[in-house]
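Chemist: Shown below is the structure under consideration.
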Amino acid sequence: MHWAVLKGLNKIKGINIRVATYFLLKKLRITKMGRSRDIGRTFDSGAKKRAKQQKQEEFLKKQCGALNKFPGFNLNPIISASSFSIADGDINNDVILLSKNDSFQPLVVDLNDPAYWPQSMTHTTQMQIVERGPIRILDFVFPLQKKSGRKFSIAHYSKTMSNGEIVDRMWLVYSKTADRVFCFVCKLFEPTLNTSLANVGCDDWGHLSHLLKCHERNKHHYINIKKWIELKNRFSLSQTIDKEFLAAFDKEKRHWRGVLTRIIAVIKYLTKHSLAFRGKSDVIFTKNNGNFLGLMEMLSEFDTDIISIKEYFLTFINVHSTTGLNLSNTLKNQLDEYGLKLSNCRGQSYDNGSNMIGLYKGVQSRILQNSPRAFFVPYSAHSLNLVLRDSAKSSTKAITFFGYVGRIFNLFLASTHRWDIFKSHCNLYTVKQWSETRWESRINSVKAIRFQVKNVMHALSKILETSDDPITKSEALSLLNEVGSFEFLLSLIIWYELLTEVNIVSKNFQNPNMQLDVSTNMLKGLIVFLEKYRDNRFEKAMETAKQLAISIEIEPTFNEVRYRKKKRCFSYESVDETLQDPQQNFRTQYFLVILDSAIMSMSKRFNQINNFNSNFGFLYDISKLKTMPDDLQIRKHCQDLHIILTDGEDKDIDAVDLFEELLILREMVDNNMTALQTLKLVKHSLGSFSNVEVALRILLTIPIASAGAERSFSKLKLIKNFLRNSLSQFKLAGLALIAIESEIGDSLSLENILDTFAAQKARKKMF
């Protein structure tokens, strides 16, 4: 019937298409409806609508997420429920229903463009963005704004510090499609943050510098940077939370497995070729340390480098005047020759000569006049030697004690026969000659007698019996009587304990990797030890000396001394009573004197370090800033540090920025983190803690000791010896540089020098 109607319509010429269409639909509707009440209806029934809706819902559920199965599929622009526009009202309702009930994840066009990032991202999407990292737009013509006539500049990708350093803003990214800039970390982890850089982007080019500076001080920005760094590190190491412990254990296990494998391989190689293992030195990374350690050093070149603080020798300078003025001028001229600006110096350290450390005419004071930020720190190890020297010379009994120790060494060393006697009786330690400048030698001298008193007495008795020389017999008898006295034994105990503690600190001060915060804590600990030893340890030293005396069959009592009675003048009414008790006299005239002298000398000689500690001390452990009762105290420390790091218009840090960075950083660092560990953490913060980084670098740059400079003179004696006494100054400095910095010399490439030399020689030849 339908075809008949259409055929009939085709026969009608000139009929209106609308009339024909209406006639057709009318005809179809009339033939379709079977009930009288359905005649004239223009919409579907309710049952049919529900069936149709159910069918569409089932279809949409099957198709949900189908596009995600296709890798690399991109849609432009972002598809969302609001972008659908369907004429049918029923289908429109279904789309709204789907957007409410189903977890529909919008598809991203370009992960490199933050403008297309969704407000809520899955962990997978975050990992994809972290893997790509911030994409920086450089080679692009940035469009001008119509209203302001301004545009984005790549200069905003970095910032200039107060000291002139340029810090890269790795977190700042630009969107071509939106013509806006975003904060990479805040947009990634906290897009709902109340700042335009974290959500919709910023296009206020006129105030962008101020907005970026304010955003950098935001606490949430620091936290998001930390999240990004942690996620990036975990991703690069393929770590998850539940695998971190096992991965760390496996890493440590592989490390020690590799170490043992290398050691066994070296041992097998040396044994196979019948080569010696040991050398003159048994310390790794030193010259002439043998085949075994040498091969281990060679293998270490292929392993991960060890980060450490280094100091380098430059040259020897011949000076004709050692005044502070001449030495300071020579130093400045030499730095100018190397192209080093004195204004960039942040630390200086010398030995404790008056021409070097003088407050008015010394080298350090003249350098400070030209560069106020070149903080002076005295040579700590040498200062400890001077402390012991002052203490040893503060009492007559102390001078006498070290005189006897030196005489014991001289007696045995003066003759090979006497030295053989000593070696036959004392096989644990040998007596050492002590030096006026190196107090480490004194502890070795005292140690040899402290643990071999009985054997030393037997050796002296043997010399007294076998010697025919009256001077030698008299000297041996005098030393035997002194060593056998209880006062000498007690002095031996006291000085050994004091020298041992001081020597531990002195050894650490000579370490090139020593940091100022660690050295300051060690000095404080040494002062506390001396104070406690003064107040509480005399009785314990007495008990130790008594046990030692009993073990060598000596009476543990002081010798009775008859004190001279002084005649009083007629007008002098007071009575000066001398202490009659030998023990109390020893304590007051000897024990307390040497300890009080040591404590006072340390307070005086390390005053410069204490002043430096008062300015930089709050940076030693930033986590302790949380315990400060008031933030105003932190602000004051920052302002004081800002003042001492300012020279005219030049400044290293900004007090306000440093204060705000510390308030955030103190919540992020672990407890008891050293300054070096904090610097390593800050170094990976993408410039977010730039002022803290500069302050910590200055703190860790300050030299603690100049032991390397003193040891260079030992190398000088080896180079300029009796056979090579006519070396020129230039040749001497060059040979010393090659000998002292041999590791750097081995790493230098000679290719450029060889090419230049070969080219010059080739030009002279006629072809």
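Taking the working numbering, the leading residue of the sequence shown gets 561, the next gets one more, and so forth. Even glycine gets a Cβ: it sits at the ideal position worked out from N, Cα and C. Nothing here was measured: the structure is a model prediction, and the numbers come from that model.
Between Ile1300 and Thr875, what straight-line distance do the alpha-carbon atoms span, to the nearest angstrom?
Modeler: Each residue's Cα considered, the two are about 10 Å apart.
Chemist: From the DSSP secondary-structure annotation, give me the bridge partner or partners of Asp728.
Modeler: DSSP, once it has assigned bridges, lists Ser718 as partnering Asp728.
Chemist: Expressed to the nearest angstrom, what Euclidean distance is found between the alpha-carbon atoms of Ser1045 and Ile1169?
Modeler: Distance between the alpha carbons of Ser1045 and Ile1169 is about 41 Å.
Chemist: Would you mind reading off the limits of the alpha helix (DSSP H) that contains Arg967?
Modeler: Element bounds for Arg967: Thr956 to Leu973.
Chemist: CA-CA distance, Gln1289 and Leu1295?
Modeler: Approximately 10 Å between the Cα atoms of the pair.
Chemist: Are the beta-carbon atoms of Glu1220 and Arg729 separated by less than 8 Å?
Modeler: Against a cut-off of 8 Å, the Cβ pair of Arg729 and Glu1220 comes out as no contact.
Chemist: In three-state DSSP terms, what is Ile646?
Modeler: Here Ile646 scores only 34 on pLDDT, less than 50, and its place in the model should not be relied on; the value that follows carries that caveat. Here Ile646 sits in coil by DSSP.
Chemist: Can you give me the C-alpha to C-alpha distance between Leu584 and Ser605, rounded to a whole angstrom?
Modeler: Because the pLDDT of Leu584 is 39, which lies under 50, any placement of that residue in the model is unreliable, and the question is left without a value.
Chemist: Less than 8 Å separating the beta-carbons of Leu1225 and Leu1260?
Modeler: Contact: no.
Chemist: Have a look at Lys736, Leu971, Leu928 and Ala1109 and flag the residue whose alpha-carbon is nearest the alpha-carbon of Asp1207.
Modeler: When each option's Cα is compared against that of Asp1207, the closest is Leu928.
Chemist: Please name the residue, chosen from Thr737, Cys743, Leu791 and Leu1223, that lies closest to Tyr717 on a Cα-to-Cα basis.
Modeler: Taking only the C-alpha atoms, the option nearest Tyr717 is Cys743.
Chemist: Output needed for Phe1118: all residues of its chain with C-beta closer than 7 Å, excluding positions within five of it in sequence on either side, in chain order.
Modeler: Excluding sequence neighbours, Phe1118 sits near Phe1046, Glu1047, Pro1142, Gln1143 and Phe1146.
Chemist: Give the DSSP bridge partners of Ser735, in chain order.
Modeler: Answer is Arg740.
Chemist: Work out the CA separation of Arg967 and Leu1314 for me, nearest whole Å.
Modeler: Each residue's alpha carbon lies about 60 Å from the other.
Chemist: Would you call Ala1322 buried or exposed, if buried means 16 or more other Cβ atoms sit within 10 Å of its Cβ?
Modeler: Exposed, by the Cβ-count rule.
Chemist: Distance cutoff 8 Å, beta carbons only. Does Ser914 sit that close to anything in chain B?
Modeler: The chain labelled as chain B is not found in the depicted structure, where only one protein chain is given.
Chemist: Helix, strand or coil, according to DSSP, for Cys774 in the structure here?
Modeler: Of the three classes helix, strand and coil, the one that applies to Cys774 here is helix, per DSSP.
Chemist: Could you tell me which whole alpha helix (DSSP H) segments of length 4 or greater appear in the region 1043–1098?
Modeler: List check, alpha helix (DSSP H) in window: 1046–1069 and 1076–1096.
Chemist: Cβ of Asn723 within 8 Å of Cβ of Asp1200?
Modeler: No. Outside cutoff.
Chemist: So who's on the other strand from Lys1211, going by DSSP bridges?
Modeler: DSSP, once it has assigned bridges, lists Thr1206 as partnering Lys1211.
Chemist: Where Asp1190 and Thr755 are concerned, what is the direct C-alpha to C-alpha distance, given to the nearest angstrom?
Modeler: About 29 Å.
Chemist: For the candidate residues Leu1020, Ala1036, Leu948 and Leu1059, whose alpha-carbon lies nearest to that of Ile1003?
Modeler: The candidate whose alpha carbon is nearest that of Ile1003 is Leu1059.
Chemist: Just mark Arg692 as buried or exposed, buried being the case when its beta carbon has 16 or more other beta carbons within 10 Å.
Modeler: Exposed is the call here.
Chemist: Between which residues of its own chain and His775 is the CB-CB distance below 7 Å, once the five residues before and five after are set aside?
Modeler: Answer for His775: Cys743, Thr755, Leu757 and His781, listed in chain order.
Chemist: Quick one, which of Gly709, Val727 and Lys773 has its alpha-carbon nearest Val1216's?
Modeler: Of the candidates Gly709, Val727 and Lys773, the one whose C-alpha sits nearest the C-alpha of Val1216 is Lys773.
Chemist: What are the start and end residues of the alpha helix (DSSP H) that includes Lys1014?
Modeler: Looking at the DSSP string, the run of the alpha helix (DSSP H) that includes Lys1014 is Val1013 to Thr1026.
Chemist: Should Ala825 be labelled buried (16 or more other beta-carbon atoms within 10 Å of its own) or exposed?
Modeler: Counting Cβ neighbours within 10 Å, Ala825 comes out exposed, since fewer than 16 surround it.
Chemist: Since I believe Val1229 is in contact with Ser1163 (beta carbons under 8 Å), could you give me their beta-carbon distance rounded to a whole number of angstroms?
Modeler: Not confirmed; about 32 Å, so no contact.
Chemist: Does DSSP put Gly907 in a helix, a strand or coil?
Modeler: Strand, per DSSP.
Chemist: Quick one, which of Asp764, Arg696, Trp731 and Ile695 has its alpha-carbon nearest Lys707's?
Modeler: The candidate whose alpha carbon is nearest that of Lys707 is Asp764.
Chemist: Can you find the residues in the same chain that come closer than 7 Å, C-beta to C-beta, to Thr890, ignoring five residues on each side of it along the sequence?
Modeler: If we look at Thr890 and ignore the five residues flanking it on each side, its Cβ neighbours are Ile877 and Val879.
Chemist: Are the beta-carbon atoms belonging to Ser1223 and Thr1238 less than 8 Å from one another?
Modeler: Contrary to the premise, residue 1223 reads as Leu rather than Ser in this sequence. Taking 8 Å as the Cβ cut-off, Leu1223 and Thr1238 do not qualify as a contacting pair.
Chemist: Does Tyr920 pass the burial test, meaning 16 or more other C-beta atoms within 10 Å, or should it be called exposed?
Modeler: Burial call: exposed.
Chemist: When the Cβ atoms of the region 784–793 are set against those of the region 1240–1253, are three or more pairs found closer than 8 Å?
Modeler: With a cut-off of 8 Å, the region 1240–1253 and the region 784–793 count as touching, because enough Cβ pairs lie within range.
Chemist: Based on Cα-Cα distance, which residue from Leu1083, Ile1053, Ser1051 and Leu1052 lies nearest to Ile1064?
Modeler: When only C-alpha atoms are compared, the closest one is Leu1083.
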